[in-house]
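Count along the sequence shown from 1, then add 1011; that gives the number in our numbering.
Don't be surprised by glycine CBs; every beta carbon is placed ideally from N, CA and C.
This structure is a prediction, so every number in the text was calculated from the model and none was measured.
Shown next, in structure tokens, is the structure this report addresses.
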Amino acid sequence: MNLDAATSAFLDAARLEFGYSEHTIRSYRRDLLGFTEFAGEQGVTSLADADLELMRSWLWERQQAGLAASTIARNVATLKSFGSWLEARNLLPGNPASRLRTPRAPKALPRVLTQDQMARVLARAEQRAASGDPEQVRNSAILELLYSSALRVSELVSLTTDGFDRRERSVRVIGKGDKERVVPLGAPAARALERYLSAARPALLARSADGRPDGAPTRPAERALFIGNRHGAAINTGAVYRLVSRELEQEPGGGPSGPHTFRHTAATHLLDGGADLRVVQEMLGHSSLSSTQVYTHVSMERLAATYRQAHPRA
1012 MNLDAATSAF
1022 LDAARLEFGY
1032 SEHTIRSYRR
1042 DLLGFTEFAG
1052 EQGVTSLADA
1062 DLELMRSWLW
1072 ERQQAGLAAS
1082 TIARNVATLK
1092 SFGSWLEARN
1102 LLPGNPASRL
1112 RTPRAPKALP
1122 RVLTQDQMAR
1132 VLARAEQRAA
1142 SGDPEQVRNS
1152 AILELLYSSA
1162 LRVSELVSLT
1172 TDGFDRRERS
1182 VRVIGKGDKE
1192 RVVPLGAPAA
1202 RALERYLSAA
1212 RPALLARSAD
1222 GRPDGAPTRP
1232 AERALFIGNR
1242 HGAAINTGAV
1252 YRLVSRELEQ
1262 EPGGGPSGPH
1272 TFRHTAATHL
1282 LDGGADLRVV
1292 QEMLGHSSLS
1302 STQVYTHVSM
1312 ERLAATYRQA
1322 HPRA
């Protein structure tokens, strides 16, 4: 079978049989186009000749071109998926890509705000909330909660009103794998939530109900803690991303910014303050301690930077 024809058949199967997203299919297409072009330059057009050696040669050339380890890792994953599909359909006796090794991409340390930066972000949100505007009151509560409880954005948008325990000052969270945990709230976050629930949330629900077209599809918001701006539905992750990104644009610092920046910052500040790593792991909902340990590296980097700046013999 021709290599180009096999590639086209695989991409069709990815879309029609497996229902992969357009993003995944575009990645497959881009990777396989690069591989088949390289194969053609080596005089290989037959599927049977697209062996492990050819794949390794293509990956080595890409490494020499300076492509990132994460890109090479994606190339390897594409070749493995392609080879597995070919083997399953008896177009090849085995999967030549199964012996490829995936390069490990170095883990980038997350962006972390200083305590002063975070205080400024929250103070600006609080200042706007003081106007009494329901959206601004909600936004302030969201930002306070993200930082206070180090929540994932998916966890925040899934919170329910009955998950907020005023007396214990905590929220019940459904994390990855539908695992439930209870995380504490700081006093400012609890106050921001109380203010939001007392007036802003009812106002958002009433305003949305007035403008909701008949039959408008909604995600039920009767129990949702945070209400979006349209049709009375629970707020979605996109809205929270936009809110947080807009707020963080005003603070200097490199790296991508989003709700996870609040989570990273909260975890790092906890460790900076002497919190036990196991306690932080439980609060973050990490199943593995290694996921939490990245924040110890962040704390050490900050310690080293402070030392270099402040110590006279650094």
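Pick helix, strand or coil for residue i, following the three-state DSSP scheme.
i, result
"Glu1191", "strand"
"Arg1139", "helix"
"Arg1180", "coil"
"Asn1101", "coil"
"Ala1076", "coil"
"Ala1245", "strand"
"Ala1286", "coil"
"Phe1046", "helix"
"Asn1150", "helix"
"Ala1200", "helix"
"Ser1057", "strand"
"Thr1272", "helix"
"Asn1086", "helix"
"Phe1021", "helix"
"Thr1125", "coil"
"Thr1171", "strand"
"Ala1211", "helix"
"Ala1016", "helix"
"Ala1235", "strand"
"Arg1131", "helix"
Excluding the five sequence neighbours on either side, which residues of its own chain have a C-beta within less than 6 Å of the C-beta of residue i, listed in chain order?
i, result
"Asp1042", "Asn1086, Thr1089"
"Leu1195", "According to the sequence provided, residue 1195 is Pro. The question's Leu does not apply to it. Answer for Pro1195: Ser1181, listed in chain order."
"Gly1197", "Ser1159"
Of the residues the options, which one's Cα is nearest the Cα of residue i?
i, options, result
"Val1193", "Gly1174, Ala1200, Ala1201, Gly1051", "Gly1174"
"Ala1161", "Glu1260, Arg1139, Gly1186, Ala1141", "Gly1186"
"Leu1133", "Leu1157, Arg1115, Glu1146, Ser1142", "Leu1157"
"Glu1155", "Val1255, Asn1240, Glu1260, Ala1061", "Val1255"
"Ser1038", "Arg1073, Ala1016, Leu1058, Thr1082", "Thr1082"
"Ala1201", "Arg1139, Leu1216, Asp1176, Gly1239", "Asp1176"
"Gly1243", "Tyr1252, Arg1212, Arg1253", "Arg1212"
"Leu1014", "Leu1102, Ala1080, Pro1270", "Leu1102"
"Ala1214", "Arg1149, Glu1293, Asp1189", "Arg1149"
"Thr1172", "His1297, Ala1141, Tyr1207, Leu1124", "Tyr1207"
"Leu1170", "Phe1029, Ile1246, Met1294", "Ile1246"
"Val1168", "Ser1095, Arg1218, Pro1270, Arg1135", "Pro1270"
"Ser1209", "Gln1053, Arg1253, Leu1044, Gly1143", "Gly1143"
"Glu1052", "Leu1063, Ser1068, Ala1076, Arg1257", "Ser1068"
"Glu1260", "Ala1141, Arg1073, Arg1131", "Arg1131"
"Arg1122", "Ser1268, Leu1044, Gln1292, Leu1288", "Ser1268"
"Glu1137", "Thr1056, Pro1199, Glu1028", "Pro1199"
"Arg1163", "Ala1061, Ala1020, His1297, Arg1026", "His1297"
Here's the rule: buried if 16 or more other CB atoms are within 10 angstroms of the residue's CB, otherwise exposed. What is residue i?
i, result
"Leu1274", "The amino acid occupying residue 1274 in the given sequence is Arg; Leu does not appear at that position. Classification for Arg1274: buried."
"Pro1263", "exposed"
"Leu1300", "exposed"
"Arg1319", "exposed"
"Ser1092", "buried"
"His1280", "buried"
"Phe1237", "buried"
"Thr1272", "buried"
"Pro1228", "The predicted position of Pro1228 is uncertain, since its pLDDT is 43 and thus under 50; no value can be drawn from it."
"Val1290", "exposed"
"Gly1054", "exposed"
"Ala1050", "buried"
"Gly1094", "buried"
"Leu1027", "exposed"
What is the C-beta distance between residue i and residue j, in whole angstroms, given that I count them as a contact (C-beta under 8 Å)?
i, j, result
"Ala1203", "Ala1152", "4 Å"
"Leu1097", "Ala1024", "About 11 Å; that fails the 8 Å criterion."
Cutting at 8 Å between CB atoms, please list the residues of its own chain near residue i, excluding the five before and the five after it.
i, result
"Met1066", "Phe1046, Leu1090, Pro1107, Ala1108, Leu1111"
"Glu1191", "Arg1183, Val1184, Ile1185"
"Ala1250", "Gly1239, Asn1240"
"Glu1205", "Arg1177"
Between which residues of its own chain and residue i is the CB-CB distance below 7 Å, once the five residues before and five after are set aside?
i, result
"Gln1128", "Glu1262"
"Ser1165", "Thr1248"
"Arg1073", "Ile1083, Asn1086"
"Gly1105", "Glu1098"
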